[in-house]
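The opening position of the sequence shown corresponds to residue 3 in this note's numbering, with each subsequent residue numbered one higher.
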Amino acid sequence: MFARTERLLLRPGWLEDAPALAQAIGEEAVVRNLATAPWPYGIEEAQKFLAMPLYPDQPRFLIFARTGGAPRLVGGCGIKPDEDGRPELGYWIARPYWGLGFATEAGRQLMHIARAMNLPKLSAGHFLDNPASGAVLRKLGFRPTGKIAQRYSLARGGEAACALFEEGDADVDAIATPMRSRIGVDEDFREEFRLMAA
């Protein structure tokens, strides 16, 4: 399964993606905000992740920015069961691409995919020391449950407090608008993207 948004391509990861994946996610500031990714994260960890089986009810994608040249790996997203067995939305963005709205754009597309698959309402969460992820969830129409749970983080080597969210009833298209006001037209985005990648 593939999906395209205004600026992104979401597709399953392939073993050939291992070097790019290891480079994109292989920073402690990124990995420590995930529950199941180890630290340090190198090419062997990327290969193991990419070799994991895919299940029809648990879509998993790498996120690529569509530019004038070859797409660039900027993150990952997916849906898998949470500790209570409910479908949980998760995502990560490589550090050079924080603040560009990629997590919101990919998350919105993932929610459309979940609706097309007739999945139940999604859950989500973020470690308390990662409030930017909570802002993304709110943009996607998730609402805090008011519950804080201790969740294990492999990269942290222990449990950390996690704020729990549930999907709201609002229309995702009405809530999560693309970050065009920040990026400008396509040529402005491409130029900014070229400068970031240099």
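Just so you know, even glycine gets a beta-carbon here, dropped at the ideal spot from N, CA and C.
For Ala165 and Pro146, believed in contact at Cβ under 8 Å, the rounded distance:
As a working mapping, residue 146 is identified with position 144 in the sequence shown. As a working mapping, residue 165 is identified with position 163 in the sequence shown. Right, the Cβ-Cβ distance comes to about 6 Å (below 8 Å), so this counts as a contact.
Taking just the CA atoms, how far does Pro14 sit from Lys141?
Within the sequence shown, numbered from 1, the residue matching residue 141 stands at position 139. Within the sequence shown, numbered from 1, the residue matching residue 14 stands at position 12. Lys141 and Pro14: Cα-Cα distance of roughly 25 Å.
Reference Gln49; option with closest CA among Ala105, Gly71, Asp19, Ala67
Numbered from 1 along the sequence shown, position 47 holds the residue referred to as residue 49. When only C-alpha atoms are compared, the closest one is Asp19.
Quick check on Pro133: does DSSP put it in helix, strand or coil?
Locating residue 133 in the sequence shown gives position 131, where the first residue counts as 1. It is helical.
Which residues in the same chain have their Cβ closer than 7 Å to the Cβ of Phe144, if we skip the five residues on either side of it in sequence?
Taking the sequence shown and counting its residues from 1, one reaches residue 144 at position 142. Within its own chain, the residues whose Cβ lies closer than 7 Å to the Cβ of Phe144, once the five positions on either side in sequence are excluded, are Ala126, Phe167, Glu168, Glu169, Gly170, listed in chain order.
Say whether the segment 53 to 63 touches the segment 25 to 43, bearing in mind that this needs 3 or more beta-carbon pairs closer than 8 Å, one atom from each stretch.
no
Tell me whether Ala137 is buried or exposed, calling it buried when 16 or more other Cβ atoms sit within 10 Å of its Cβ.
Translated into positions along the sequence shown, residue 137 becomes position 135. So Ala137 counts as exposed.
Can you give the Cα-Cα distance for Gly92 and Thr38, rounded to whole angstroms?
In the sequence shown, residue 92 corresponds to position 90, counting from 1. In the sequence shown, residue 38 corresponds to position 36, counting from 1. So the two alpha carbons sit approximately 11 Å from each other.
Just the C-alpha distance for Arg153 and Gly70, rounded to the nearest angstrom, thanks.
As a working note, residue 153 is residue 151 in the sequence shown. As a working note, residue 70 is residue 68 in the sequence shown. The straight-line gap from Cα to Cα measures roughly 40 Å.
Please report the residue range of the alpha helix (DSSP H) in which Gln111 lies.
Taking the sequence shown and counting its residues from 1, the one referred to as residue 111 is at position 109. In this chain, the alpha helix (DSSP H) harbouring Gln111 covers 104 to 118.
Identify whether Phe4 lies in helix, strand or coil by the three-state DSSP scheme.
Looking up residue 4 in the sequence shown gives position 2. Residue state, collapsed to three classes: coil.
If we ignore side chains and look at the alpha-carbon of each, how far apart do Leu102 and Pro21 end up?
Counting from 1 along the sequence shown, the entry for residue 102 is found at position 100. Counting from 1 along the sequence shown, the entry for residue 21 is found at position 19. Just so you know, the alpha carbons of Leu102 and Pro21 end up roughly 23 Å apart.
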